[in-house]
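Below you'll find the structure, written out as structure tokens, and then a few comments.
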Amino acid sequence: MGGHLNAYTSREQTVYFAKVFKNDVGRAVEILSDILLNSKLDEGAIERERDVILREMSEVNKQQEELVLDHLHATAFQGCGLGRTILGPEENIRSLSKTDLVDYIKTHYTAPRMVVAGAGAIDHGEFCNMAGEHFGSLSTAPASGVEVAMDPAVFTGSDIRVRFDSEKTAHVALAFESASWTSEYAFPLMVMQTILGSYNRASGLGKNVASLMCQDVAQHDLAYSLSTFNTCYKDTGLFGIYAVAPDNKLDDLMFYVTQNLVRMVHNPTEDEVERAKVTLKATMLMGLDGNSNVAEDIGRQLLTYGRRMTPAEIFSRIDAITAADIKATAAKFINDQDHALAAVGGIFELPDYSWIRANSYWMAY
Numbered sequence: 000m001g002g003h004l005n006a007y008t009s010r011e012q013t014v015y016f017a018k019v020f021k022n023d024v025g026r027a028v029e030i031l032s033d034i035l036l037n038s039k040l041d042e043g044a045i046e047r048e049r050d051v052i053l054r055e056m057s058e059v060n061k062q063q064e065e066l067v068l069d070h071l072h073a074t075a076f077q078g079c080g081l082g083r084t085i086l087g088p089e090e091n092i093r094s095l096s097k098t099d100l101v102d103y104i105k106t107h108y109t110a111p112r113m114v115v116a117g118a119g120a121i122d123h124g125e126f127c128n129m130a131g132e133h134f135g136s137l138s139t140a141p142a143s144g145v146e147v148a149m150d151p152a153v154f155t156g157s158d159i160r161v162r163f164d165s166e167k168t169a170h171v172a173l174a175f176e177s178a179s180w181t182s183e184y185a186f187p188l189m190v191m192q193t194i195l196g197s198y199n200r201a202s203g204l205g206k207n208v209a210s211l212m213c214q215d216v217a218q219h220d221l222a223y224s225l226s227t228f229n230t231c232y233k234d235t236g237l238f239g240i241y242a243v244a245p246d247n248k249l250d251d252l253m254f255y256v257t258q259n260l261v262r263m264v265h266n267p268t269e270d271e272v273e274r275a276k277v278t279l280k281a282t283m284l285m286g287l288d289g290n291s292n293v294a295e296d297i298g299r300q301l302l303t304y305g306r307r308m309t310p311a312e313i314f315s316r317i318d319a320i321t322a323a324d325i326k327a328t329a330a331k332f333i334n335d336q337d338h339a340l341a342a343v344g345g346i347f348e349l350p351d352y353s354w355i356r357a358n359s360y361w362m363a364y
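Just so we're aligned: the sequence shown equals residues 0 to 364 in numbering that gives the first Met the number 0.
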């Protein structure tokens, strides 16, 4: 019939998706349900996939950004499920059995934990009937009868540093605990992320970027690239900066980064906030360019909010944010708060934890 079938996993969600022509939607839903509910889990297929995952792990470990962000989660949420990597430790991959997979499916693949979403050439009524036909047999509770307890994420201020003096480049991620998807601070954090912005030396913008933090970085030639991230989860989040920089610029880089983060507590300007709101809305609309992105957005929102927020509602929430909201948000999550840090590479000049912690606030008289 033709089409595209794939799956991926994030720290909190697993997605199975198919892209097909209009006349093949019913068959695609049937195939997805068959994969999820009736998989044979052949021993030979498990062994082949085990090798695929091990190769994938090897490739992921070569990507410095992925490696640093995994280290960041491991130190920020140590002892919690959120601190573990998506692929897990190698010993688990090598020891997983068919029984483990069957038990996992029976425990986690239940109706309240799943969403069937679609976008594009789909009739809503017909699609609902298809979902009922092919997923209607889903159990509403785990086979054991005991609901899976949520593993709460507990943030720990800490850092992890992997130093290689032979390298001339450092990869650094600095983050503060932030808010969940459903928090009242979720949208102010998105706006604050846009205010702080991102920078890449290769982009050609140089000192002409809108973000004051990125202007500081560009003027003093402190980093090859720098970006602000705001990662939300069900009950927590991480807000921070990821930078790739020369090994001999880290001291100055951290000074300007911490100064600009704390500035959000005291004097973000209305002009900055208005520009960031427009940019954020444009970015969100571009993120919905394509049926795959729309379907993913619907599914994620149903799992996190229990409903879908329309772009109009999201825009109204963004438009209501003021500079005072940014100050309050920064005061709660950045001002005099513990942080988590992960760094790999030539980091001999990176300030220690106490220095960064002491620069998370201003002494105001």
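For glycine and all other residues, C-beta sits at the position ideal for the given N, C-alpha and C.
Same chain, Cβ closer than 7 Å to residue i, neighbours up to 5 away in sequence not counted
i: D164; result: G345 and F347
i: T282; result: none
i: D250; result: E348 and P350
i: A209; result: G196 and R274
i: A174; result: L71, A75, L237, F238, G239, H338 and A339
i: D335; result: S359 and Y360
i: A27; result: G2, A17 and V19
i: M411; result: Since the displayed the chain opens at 0 and closes at 364, residue 411 lies outside it and no answer follows.
i: F134; result: S32 and V115
Nonlocal neighbours in the same chain, by C-beta distance under 8 Å from residue i, ignoring five residues either side
i: T139; result: T109, A110 and P111
i: I320; result: F186, P187, V190, V272 and K276
i: G1; result: V19, F20 and D23
i: K331; result: Y184
i: S136; result: L36
Cβ-based burial, residue i [other Cβ within 10 Å; buried from 16]
i: G289; result: exposed
i: K276; result: buried
i: R306; result: exposed
i: Q62; result: exposed
i: H265; result: exposed
i: Q218; result: exposed
i: G298; result: buried
i: E269; result: exposed
i: E146; result: exposed
i: A341; result: buried
i: N207; result: exposed
i: L31; result: buried
i: N60; result: exposed
i: G82; result: buried
i: A130; result: buried
i: A244; result: buried
i: E176; result: buried
i: V101; result: exposed
i: L260; result: buried
i: A120; result: exposed
i: A152; result: buried
Rounded separation between residue i and residue j - CA only
i: D69; j: S157; result: 14 Å
i: L279; j: A73; result: 29 Å
i: R216; j: L66; result: Reading off the sequence shown, one finds Val at residue 216, where the question assumed Arg. So the two alpha carbons sit approximately 24 Å from each other.
i: N128; j: G25; result: 10 Å
i: H3; j: A323; result: 47 Å
i: G239; j: D296; result: 23 Å
i: E132; j: D33; result: 12 Å
i: L204; j: M212; result: 14 Å
i: A148; j: D246; result: 44 Å
i: K105; j: A142; result: 6 Å
i: Y360; j: P267; result: 15 Å
i: D50; j: G80; result: 24 Å
i: H123; j: H170; result: 46 Å
i: T227; j: I92; result: 33 Å
i: R162; j: T168; result: 11 Å
i: L301; j: T13; result: 14 Å
i: E403; j: K39; result: Since the first residue shown for the chain is 0 and the last is 364, residue 403 is missing from the structure and cannot be characterised.
i: Y255; j: Y352; result: 16 Å
i: V115; j: E166; result: 47 Å
i: D99; j: R47; result: 16 Å
i: A327; j: I333; result: 10 Å
i: S94; j: E42; result: 13 Å
i: L53; j: I325; result: 43 Å
i: A357; j: R160; result: 19 Å
i: T257; j: W354; result: 10 Å
i: R365; j: E90; result: The question about residue 365 has no answer here: the residues shown for the chain are numbered 0 through 364.
Residues near residue i by beta carbon distance below 6 Å, same chain, minus five either side
i: K199; result: Residue 199 is actually Asn in this sequence, not Lys. Result list for N199: S224, in chain order.
i: M253; result: P350
i: A329; result: M263 and V264
i: T155; result: Q77
i: A242; result: V171, A222 and L225
i: A118; result: N290, V293 and A294
i: M56; result: L86
i: K248; result: L221
i: Q192; result: T227 and N229
Which residue spans inside the segment 103–167 form an unbroken beta strand (DSSP E) run of at least 3? The segment 103–167 contains these whole beta strand (DSSP E) runs: 157–162.
Three or more C-beta pairs below 8 Å linking the segment 230–242 and the segment 178–196: As far as the Cβ criterion goes, the segment 230–242 touches the segment 178–196, which means the pair count is three or higher.
The segment 1–13 / the segment 81–94 touching (three or more Cβ pairs under 8 Å): Cβ pair count under 8 Å is three or more, so yes.
Inside the segment 214–263 only - beta strand (DSSP E) runs reaching at least 3 residues: Runs of the beta strand (DSSP E) spanning 3 or more residues and lying entirely within the segment 214–263 occur at 224–231 and 236–245, in chain order.
Completely contained beta strand (DSSP E) runs for the segment 332–362, where each covers 3 or more residues: Listed in chain order, they are 338–344.
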